[in-house]
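Engineer: In this note's numbering, the protein residues as written are -1 to 454.
The beta-carbon is built from N, C-alpha and C at its ideal position, and this holds for glycine as well.
None of these values were measured; they are calculated from a predicted model.
Pasting a structure below so you can have a look.
So, in structure tokens, the structure goes:
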């Protein structure tokens, strides 16, 4: 029977013409190539970075020093200049989690801190003296407060890069008092009709901001670190702020140099037209706004439990305790700051709830500073409020991915603004890599730097 089948097969093969044989061989080759491509693609799509084990918490191991070699500039700077830079940028030196520049575990060098402060001060002075050309109008509409922080940050980056003035309705950020160099404009009906309108979707990082369109405006939010992928703005940010643009600029815009209390906790610096030797900021120039409660946690560890109200596939923050305990934490040493008003948080040391429906921005701001105040902060991946807490603190941060319930370290504090891990395409309450991250011919360098350094 075997010989009969072999003979029949050879007879059939002999009847095939050359074209048919080539077609069969071609199909086989294509199938093999596709298999290799699929294998290569799957190998390249890593859910976690290499050496993933080191990214998960062991309870008492929070040093980021051995995780990434940041290109620090170790040039020395006089102490008085460091103090000036910290005050001018409103760095949260009051936080128990703040690491002084130049210390072994610091993410920034003291020269870098001073350089960033001088770059910000240069634009700040030009704006106050009206020596800018054109303007950027950040049109705040109905965006949630954490996204407003990102929008103002983007407006500043564009304005400082191109020496434009920055306009916004300052009332939209109360109780935070913005620096005087951020100009107030409330009425928008005819103000921005002739402005170049910038889309904030996937095109945000590809547009050109030359002076042939001196006046720009945008509304709607994008993920916080999007302009690091823009050319040439991204290169400008890397050159002047390293990876810590959100740390320096964010604190200047909405940080606080003084410890947040219920008597004086949100400040800005008025009339900062001072210079070093003429640059030391007078304490009387720091304004404060009263809050209705204390905005500092008492525990060493604070976790943001962000509830995505329109997306049921994320775990509720009340489930975070189990994830934390698997990493060696005891709930009684953790404060959770959450926007969930109905979950039960039994097992945590303390709960601070963000009731923005009743208290508006005040609860957001208090929650932000509470997240900054502890020795170690962990935020919910995809939450912009949590990202900003990590970025403003500048060290010792981690995240909980509430879609797959994992808990991991960031390699450094400025990462995690874009949800980059596996998620369904209809998950629209978060900023996803597949929807918002685009690489163009012009921004290949900036895009590669972002993927290498600012994902996580």
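Where do the ends of the beta strand (DSSP E) carrying residue 398 lie?
Structural biologist: Element bounds for residue 398: 395 to 399.
Engineer: For the beta strand (DSSP E) containing residue 109, name the first residue and the last one.
Structural biologist: Looking at the DSSP string, residue 109 is not in any beta strand (DSSP E); the run it does join, the alpha helix (DSSP H), is 108 to 126.
Engineer: From residue 140 to residue 78, what does the alpha carbon distance come to, in whole angstroms?
Structural biologist: If I take the Cα positions, the gap works out to 42 Å.
Engineer: Using CA atoms only, rank isn't needed, just tell me which of 225, 366, 409 and 100 is closest to residue 435.
Structural biologist: Nearest of 225, 366, 409 and 100 to residue 435, Cα basis: 225.
Engineer: Is the Cβ-Cβ distance between residue 156 and residue 149 less than 8 Å?
Structural biologist: Cβ distance not < 8 Å, so residue 156 and residue 149 don't count as in contact.
Engineer: Give a yes or no on contact between the stretch 117 to 130 and the stretch 154 to 173, applying the rule of three or more CB pairs nearer than 8 Å.
Structural biologist: The stretch 117 to 130 vs the stretch 154 to 173: in contact.
Engineer: Fully enclosed by the stretch 131 to 218, which beta strand (DSSP E) runs are 3 residues long or longer?
Structural biologist: You should have 133 to 136, 163 to 166, 180 to 182 and 213 to 216.
Engineer: Do you know whose CA, among 249, 85 and 135, lies nearest residue 367's CA?
Structural biologist: Residue 249 is the option with its Cα nearest to residue 367.
Engineer: In the DSSP assignment, what residue or residues form a beta bridge with residue 378?
Structural biologist: BP columns for residue 378 point to 398.
Engineer: For residue 350, write down the residues that DSSP places opposite it in a beta bridge.
Structural biologist: BP columns for residue 350 point to 335.
Engineer: Check this for me: beta carbons of residue 309 and residue 425, under 8 Å apart or not?
Structural biologist: Cβ distance < 8 Å, so residue 309 and residue 425 count as in contact.
Engineer: Where do the ends of the beta strand (DSSP E) carrying residue 407 lie?
Structural biologist: That run of the beta strand (DSSP E) goes 404 to 407.
Engineer: I need the DSSP call for residue 91, collapsed to helix, strand or coil.
Structural biologist: Residue state, collapsed to three classes: coil.
Engineer: Looking only at DSSP bridge pairs, what is residue 345 linked to?
Structural biologist: None; residue 345 has no bridge partner.
Engineer: Looking at C-alpha atoms only, which residue of 364, 440, 444 and 428 is the closest neighbour of residue 172?
Structural biologist: Looking at the Cα atoms, 364 is the closest of the given residues.
Engineer: What do you get for residue 74, buried or exposed, if any count of 16 or more other CB atoms within 10 angstroms of its CB means buried?
Structural biologist: So residue 74 counts as exposed.
Engineer: Over the uninterrupted beta strand (DSSP E) stretch that includes residue 323, give me the two end residues.
Structural biologist: Segment 318 to 324 is the alpha helix (DSSP H) holding residue 323; no beta strand (DSSP E) there.
Engineer: Name the DSSP bridge partner or partners of residue 426?
Structural biologist: Per DSSP, none; premise fails for residue 426.
Engineer: Using the Cβ count rule (16 or more neighbours within 10 Å means buried), how would you classify residue 222?
Structural biologist: The residue in question, residue 222, is buried, as its Cβ has 16 or more Cβ neighbours within 10 Å.
Engineer: Which same chain residues, not among the five before or five after residue 330, have their C-beta less than 6 Å away from its C-beta?
Structural biologist: The answer, listed in chain order, is 347.
Engineer: When the Cα atoms are used, what is the spatial distance from residue 191 to residue 144?
Structural biologist: Cα to Cα, residue 191 sits roughly 27 Å from residue 144.
Engineer: Pick out whichever of 415, 379 and 126 has its Cα sitting closest to the Cα of residue 404.
Structural biologist: Of the listed residues, the one whose Cα sits closest to residue 404 is 379.
Engineer: Please return the same chain residues whose Cβ sits closer than 7 Å to the Cβ of residue 454, not counting the five positions on each side in sequence.
Structural biologist: Correct list, in chain order: 408, 409, 413 and 414.
Engineer: Tell me whether residue 461 is buried or exposed, calling it buried when 16 or more other Cβ atoms sit within 10 Å of its Cβ.
Structural biologist: Because the chain here runs from -1 to 454, residue 461 falls outside it and cannot be looked at.
Engineer: Between residue 312 and residue 400, how many whole angstroms is the CB-CB distance? I'm expecting something under 8 Å.
Structural biologist: At roughly 4 Å, the Cβ-Cβ gap stays under 8 Å, so residue 312 and residue 400 are in contact.
Engineer: Mind checking residue 326: buried by the 16 CB within 10 Å criterion, or exposed?
Structural biologist: Per the 10 Å Cβ criterion, exposed.
Engineer: Between the Cα of residue 402 and the Cα atoms of 318, 164 and 176, which residue gives the shortest distance?
Structural biologist: Nearest option by C-alpha distance: 318.
Engineer: Which of the three DSSP states is assigned to residue 309 in this structure?
Structural biologist: Three-state result, residue 309: coil.
Engineer: Measuring CA to CA, which of 332, 345, 321 and 351 is closest to residue 304?
Structural biologist: For residue 304, the nearest C-alpha among the options comes from 351.
Engineer: Near residue 293, which residues of its chain fall below 7 Å by C-beta distance, leaving aside the five closest residues on each side in sequence?
Structural biologist: Result list for residue 293: 258, 263, 364, 367 and 368, in chain order.
Engineer: Kindly indicate the opening and closing residues of the beta strand (DSSP E) around residue 302.
Structural biologist: Its beta strand (DSSP E) spans residues 299 to 303.
Engineer: Would you list the residues sitting across from residue 537 in a DSSP beta bridge?
Structural biologist: Lying outside -1 to 454, the shown extent of the chain, residue 537 is not represented and no answer is given.
Engineer: Alpha carbon to alpha carbon, how far is residue 90 from residue 282? Give it in angstroms, no decimals.
Structural biologist: Here the model assigns residue 282 a pLDDT of 36, short of 50, so the residue's position is not dependable, and the following value carries that caveat. Cα to Cα, the separation comes out at about 18 Å.
Engineer: Which residue comes first and which comes last in the alpha helix (DSSP H) that contains residue 221?
Structural biologist: No alpha helix (DSSP H) contains residue 221, which DSSP labels as neither H nor E.
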